[in-house]
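Under our numbering, think of the first position of the sequence shown as 177, with each following residue one higher.
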Amino acid sequence: MNERIATVKKIVYGGWGLAFHEDHTLFIPYTAPGDTVRFSVVRKKKGSLFCRIEEIVEPSPMRRNAECPVFGSCGGCHLLHLDYDAELEVKKEFVTENLRRIAGIITEPDGIIPSPNRFGYRNHAAFKIDRDGRAGFTMRESSIIVPFPADGCLLLPGVMRESIAAIPAGELPTGGEVLSRLDRFGAVHFWGLEEHPGPPESLMEAGSYLFPVTQNSFFQVNRFLNARLMELVVSLPGKAGRKLLDLYCGVGFFTLPLSKIVREAVGIEREPAAVRGASAAARLNKIINVKFRKGSVEQLLPRMRDVDLVVADPPRKGIPEEVMNGIIRLRAAELVLVSCEPPTFARDASRLVKAGYMLSRLYIIDLFPGTY
177 MNERIATVKK
187 IVYGGWGLAF
197 HEDHTLFIPY
207 TAPGDTVRFS
217 VVRKKKGSLF
227 CRIEEIVEPS
237 PMRRNAECPV
247 FGSCGGCHLL
257 HLDYDAELEV
267 KKEFVTENLR
277 RIAGIITEPD
287 GIIPSPNRFG
297 YRNHAAFKID
307 RDGRAGFTMR
317 ESSIIVPFPA
327 DGCLLLPGVM
337 RESIAAIPAG
347 ELPTGGEVLS
357 RLDRFGAVHF
367 WGLEEHPGPP
377 ESLMEAGSYL
387 FPVTQNSFFQ
397 VNRFLNARLM
407 ELVVSLPGKA
417 GRKLLDLYCG
427 VGFFTLPLSK
437 IVREAVGIER
447 EPAAVRGASA
457 AARLNKIINV
467 KFRKGSVEQL
477 LPRMRDVDLV
487 VADPPRKGIP
497 EEVMNGIIRL
507 RAAELVLVSC
517 EPPTFARDAS
527 RLVKAGYMLS
537 RLYIIDLFPG
547 TY
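Structure below.
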């Protein structure tokens, strides 16, 4: 190659800047659309070059100084070098481009819901401890730990940053991992410390609902938007039905509020602790028309009948083919799909459209500001 300089065309899913140089497609992290950069190649994959910035020759008008002093080293954030409006526009393109390219669906979102605050939004974090006993996150595509800056990770609320900084060094498990969670009372709990085990569960809140959550059970992470996410999902069905089926229901985050618009609600979840938490949440919130089934969706879905509404919030890999076939066989009048991965969302939407469904409403809600 001649001198390795390229101009970034756009940001694609994964937080990569897309550029071209001498018939090569380049993917360069931490770039902005319009940046002209000098780059070096880190690795080659399927004809594409994955690179790093050596110098910003001419910055994009969209570029800004990131507030975090370890941005670009720590792999926790990917888009803090863009202003927030630009970040939202980039994320909109993630969704619409993947729908067009993978599913052949050309559409615009019915709404884009920003986070009220770009920082301090996480109610949960898992951080690593390096060989020197310092807490931090790993570099992008690396196992190297980048210690938190002096003021802590900006994605965490102040009380969490202060609590992490106050942990005695001797309690941090060198080379290990610590989980932390901020509960509804403002208390910070830790799991993984050498001498102070965390509680069996913590009480979380979203909307007007309370949820007992164990350390490994999933709970939506954005404390500013959790209630809005819940309200949005409840607003999507066109009419009340007889029976709701909530797949990958976790602790019942969507099952409980949706139970208000159906006669019967059934949640399926394979993690035993989450099922126990969901059942406890139903009792705690005095909801009597819900049942939770412990087991894999693949095993339990074929037993379901007479379902009017299906809600699915699958893991990042999306809905497995066996489960998708089961959903289609149910012929529910309405489906609500919640996803944090645009590519797998587009793949699943494509399957549903081919089966006869129509994508009628599409919303983007920014639960993870600063990240792709």
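All C-beta atoms, glycine included, are put in the ideal place defined by N, C-alpha and C.
Going by DSSP, D489 is part of no beta strand (DSSP E) at all; its letter is neither H nor E.
Scanning the stretch 413–467 from its first residue to its last, the whole alpha helix (DSSP H) runs of 4-plus residues come out as 431–434 and 448–460.
Taking 4 residues as the shortest admissible run, the stretch 327–358 contains the following complete alpha helix (DSSP H) segments, listed from N- to C-terminal end: 334–341.
Taking each of I278, L256, D259 and S224 in turn and checking the Cα distance to F521, the smallest one comes out for I278. G443 places its beta carbon less than 7 Å from that of G428. Here S472 is near R446, since their CB atoms are less than 7 Å apart.
The beta-carbon separation of L256 and G546, rounded to 5 Å, stays under the 8 Å limit for a contact.
With respect to the C-alpha of R527, the residue from I541, D542, Y539 and L511 having the closest C-alpha is L511. Listed in chain order, the non-local C-beta contacts of A382 below 6 Å within the same chain comprise N402, A403 and M406, local neighbours out to five positions each way being set aside.
Exclusion of the five residues before and after K267 leaves I540 and D542 as the residues of its chain whose Cβ lies within less than 7 Å of its Cβ.
Here F247 is bridged, per DSSP, to C250.
I320 sits away from P349, with the two beta carbons spaced by 7 Å or more.
Ranked by how close their Cα comes to the Cα of R310, the residues G352, L275 and M336 have G352 in first place. E474 is positioned such that its CB atom lies closer than 7 Å to that of E498.
Under the three-pair Cβ rule at 8 Å, the stretch 223–240 does not count as touching the stretch 483–500. For S526, the three-state secondary structure derived from DSSP is helix. By the neighbour-count definition (other C-beta atoms within 10 Å, threshold 16), M534 is an exposed residue. Counting the other Cβ atoms within 10 Å of the Cβ of V335 gives fewer than 16, which makes it exposed. Following the DSSP letters along the chain, one finds I503 inside the alpha helix (DSSP H) bounded by residues E497 to L506. When DSSP states are grouped into helix, strand and coil, P323 belongs to the strand group. DSSP, read as helix, strand or coil, puts E273 in helix. Secondary-structure assignment with DSSP links I204 through a beta bridge to G193. By a beta-carbon distance limit of 8 Å, V409 contacts V487. Their separation comes to about 7 Å. Shown here for L369: same chain residues with a beta carbon closer than 8 Å to its own, the five before and five after excluded, namely I343, E347, L348, P349 and V354 in chain order.
Rounded to the nearest whole angstrom, the C-alpha separation of R180 and C250 is 25 Å. Taking a cut-off of 8 Å for Cβ pairs, the stretch 276–291 and the stretch 325–335 do not touch, as fewer than three such pairs fall below it.
If you draw a 10 Å sphere on the C-beta of G328, you find 16 or more other C-beta atoms in it, and that means buried. Taken through DSSP and simplified to helix, strand or coil, A363 comes out as coil. The three-state reading of DSSP puts R404 in helix, counting H, G and I together.
Per the C-alpha coordinates, the member of V466, M380 and L412 positioned closest to S435 is V466. A direct Cα-Cα distance of roughly 7 Å separates P323 from F313. DSSP links M315 through a beta bridge to C250. Under the three-state reduction of DSSP, V184 is assigned to coil, being neither helix nor strand.
I278 sits in a helix when the DSSP states are folded into three classes.
In the assembly as shown, I495 is a buried residue. Its beta-carbon has 16 or more other beta-carbons within 10 Å. The alpha-carbon separation between T283 and V217 amounts to approximately 36 Å.
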